[in-house]
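To start, the structure itself, in structure tokens.
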Amino acid sequence: MTEIDRHTIEQAAAGDLSAFERIYHFTSGFVYGLALRMVRNPQDASEITQDVFMKVYYKLKDFRFQSSLKTWIYRIAVNTALNARRRLGLRRTRETSMDDNILDLQTAPMTQLPCAEVERKQRLEFLLSRLTPEHKTILLLRETEGLSYQEIADVLKINLNTVRTRLKRARQQLVLLAESGVIRNEM
Amino acid sequence: MKCKDIREWLLQDRSEENDPETDMIMAMHLQECADCREFQRRLQEDLLKPLREARVPVPPEIWLNIKETLMQAELEKSCLRPRLMSGWFSFFRPAYAVIVAAVFLIAAVLYIPYRNQQIVFNYFDSQADFLLELSEAQNGTEYSAVDFGTPIEEFLL
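As they're listed, the protein sequences go chains A and B.
Counting in this note's numbering, the first sequence runs without a single skipped number right up to 966 at its last residue.
Counting in this note's numbering, the second sequence runs without a single skipped number right up to 1013 at its last residue.
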């Protein structure tokens, strides 16, 4: 399924929980992943995900089909995750080693992966934790979720040129961090 | 073309750009320049590929919590409001109010002339009765309800 059909959305808006569950399973991966990378704590990420889907459930009747539902949910998720991050006072964002280990264990069954793969994933999580929330969000939307430039512009409410520029800067930042000694020194 | 420019291009996501000329220049440069090829490999393989594969499994208890909360909220709502009436009051509430107001207005507009008509008819009836009684009393044909006071007062008149 590449998109949620209108009938399912209407059913969910009318209070059908099984239709809402289909929407949840279609979009929860991104919402939880984004929340986890923003707050770097599985418990807080779970709370944010619940918060997002409660908002979606109650606001679904106001959805006007002007954008895709996926984009609409992603926008709610991005705003909720950014607000939660601010609310939590960034207390975990710069504390790296301990939470990174927790996060790494949560994100994938590492024991099944080759060592090089594990190292690469850990390295990436560490680099992501060093990016600004805006850069991290745009990279996740583009690379992990595969959203088009237009969809990213709709989610973040920015214009297409800003999407291009911000994405380029995010990648530039990622490369700079990878090439600088930050990993060798701090990891 | 300098390596710096090529790396700038590599940092841009060119999958949505339609610029075959630039793509050709880049491809030619990458064929010749090992450093830029290595830069591209590191960017794509070490940094972006893990991001593309970085989908996080969602803990199943999240959905269970959401479902429980929603069911609880629905239960509370149904207890607070009789289910039969909920449909009437939850949908198009302003429209419902407008319809009720319109019904009252129409009823008032129809009732007021009828009520005034009744008042006028009653007044005419009472006046007609009075005049009839007066004329009958004057003729002395019939006992009249029209009197001029008590018998003593009538006598004194």
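All C-beta atoms in this analysis are idealised placements derived from N, C-alpha and C, irrespective of residue type, glycine included.
How many angstroms separate the CA atom of B/Phe-1011 from the CA atom of B/Gly-1005? 10 Å
Beta-carbon gap between A/Ile-788 and A/Phe-844 smaller than 9 Å: yes
Residue from A/Ser-807, A/Arg-854, A/Arg-866 with nearest C-alpha to B/Pro-915: A/Ser-807
By how many angstroms is the C-alpha of A/Gln-790 removed from the C-alpha of A/Ala-798? 6 Å
Check the Cβ-Cβ distances between A/Phe-844 and every residue of chain B, and say whether any is below 9 Å. no
If the criterion is Cβ atoms closer than 9 Å, does the pair A/Ser-825 and B/Ile-918 meet it? yes
Pull up the distance between the alpha-carbon of B/Phe-980 and that of B/Glu-992, whole angstroms please. 18 Å
Give the straight-line distance between the Cα atoms of B/Glu-864 and B/Arg-898, rounded to the nearest whole angstrom. 14 Å
Kindly indicate the opening and closing residues of the alpha helix (DSSP H) around A/Asn-862. 848-866
State the Cα-Cα distance for the pair B/Ala-883 and A/His-914, rounded to the nearest angstrom. 28 Å
Of the residues A/Ser-846, A/Lys-838, A/Val-857, the one placed nearest A/Leu-919, counting alpha carbons only: A/Val-857
With DSSP run on the structure shown, which of helix, strand or coil describes B/Asn-1048? Not covered by the structure: residue 1048 of chain B. The range shown for chain B is 857 to 1013.
A/Ser-807 by DSSP, collapsed to three states: which one? helix
Determine the direct distance from the alpha carbon of A/Tyr-811 to that of A/Val-897, and round the result to whole angstroms. 21 Å
Return helix, strand or coil for B/Glu-873, following the three-state DSSP convention. coil
Using the beta-carbon of each residue, which ones in chain B are nearer than 8 Å to A/Arg-943? Gln-868, Asp-869
Taking just the CA atoms, how far does A/Arg-909 sit from A/Met-889? Model confidence at A/Met-889 stands at a pLDDT of 41, short of 50, so the residue's coordinates are unreliable and nothing is read from them.
From A/Thr-911, A/Asp-795, A/Ile-931, pick the residue whose C-alpha is nearest to that of A/Ile-855; which is it? A/Ile-931
Assuming A/Lys-947 and B/Gln-896 are in contact, meaning their beta carbons sit under 8 Å apart, how far apart are those beta carbons, in whole angstroms? Not a contact, Cβ separation roughly 15 Å.
Boundaries of the alpha helix (DSSP H) in which B/Asp-985 is found, first to last residue: 949-995
Is the beta carbon of A/Thr-923 sitting closer than 9 Å to the one on A/Phe-809? yes
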